[in-house]
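Residues in the sequence shown are numbered from 16 upward in steps of one, following the working numbering.
Reading through the structure tokens given below for one structure.
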Amino acid sequence: MELVRWLAEHWPHIIENAGVVTGLFVFAVSYHEDKKVRRVEAFIKMTERHTNLWMHYYSNPHLTGLRDPKRDMLTRPLSGEEAHFVSFLFNHLDGVIRASKAGIAVRPENLSKDIRAFLALPAPRAAWEEMKPMLDSQLVAFIERALAVRT
Numbered sequence: 016m017e018l019v020r021w022l023a024e025h026w027p028h029i030i031e032n033a034g035v036v037t038g039l040f041v042f043a044v045s046y047h048e049d050k051k052v053r054r055v056e057a058f059i060k061m062t063e064r065h066t067n068l069w070m071h072y073y074s075n076p077h078l079t080g081l082r083d084p085k086r087d088m089l090t091r092p093l094s095g096e097e098a099h100f101v102s103f104l105f106n107h108l109d110g111v112i113r114a115s116k117a118g119i120a121v122r123p124e125n126l127s128k129d130i131r132a133f134l135a136l137p138a139p140r141a142a143w144e145e146m147k148p149m150l151d152s153q154l155v156a157f158i159e160r161a162l163a164v165r166t
């Protein structure tokens with residue numbers, strides 16, 4: 016009988032608290048779902064940016080020398096166009112790393128391997144050495160760690 020009287024007296028507070036708890040639960044679920052959607056959107060944007068950069072590379076014959084493993088940098092130094100393209104790649108990489116650190120996107124699994132392979136080529140390595148002092152210190156540290164890994 017005491018329980019019934021107590022419930023009759025306090026039911027508005029019980030309903031109010033249940034509403035607050037339910038609201039918090041709904042918020043948590045929707046926040047979690049929204050976070051997943053944002054991660055997928057970020058991945059799609061990164062993929063689009065990556066695709067656009069490399070489509071530009073393949074459609075521009077002036078850039079093909081970047082991937083020449085036998086290129087002599089003394090006789091064929093970087094052109095302005097090549098330097099710009101590589102700087103776009105570094106900017107893209109910086110965005111990927113920042114999004115990954117912020118938890119907005121997942122870092123591609125073989126990113127370090129891709130960095131090592133690209134910077135093993137003479138022209139990208141020359142661009143890297145030239146641009147490194149102007150790049151963000153976190154990006155430089157990430158690339159240096161990737162280059163230090165022995166495979």
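We put the CB at the ideal spot given by N, CA and C, even for glycine.
Fair warning: this is a prediction, and the values are worked out from it, not measured in the lab.
Spatial neighbours of residue 133 in its chain, beta-carbon cut-off 6 Å, leaving aside the 5 residues before and after: So the qualifying residues of the chain are 139.
Through-space distance from residue 94 to residue 164, alpha-carbon basis: One C-alpha to the other measures close to 29 Å.
9 Å Cβ cutoff, residue 78 in contact with chain C: Chain labels in this structure do not include chain C; a single protein chain is all it has.
Counted within 10 angstroms of its Cβ, other Cβ atoms place residue 39 as buried (16 or more) or exposed: Counting C-beta atoms within 10 angstroms of its own C-beta, residue 39 has fewer than 16 neighbours from the protein chains shown and is therefore classed as exposed.
Whole-Å CB distance - residue 100 paired with residue 72, under 8 Å assumed: Contact holds; Cβ gap of about 6 Å.
CB of residue 137 within 9 Å of CB of residue 54, strictly: Not closer than 9 Å, so no.
Stretch pair the stretch 65–84 + the stretch 31–38: three plus CB contacts closer than 8 Å: For the pair of segments examined, the stretch 65–84 was found not to touch the stretch 31–38: the number of CB pairs separated by less than 8 Å stays below three.
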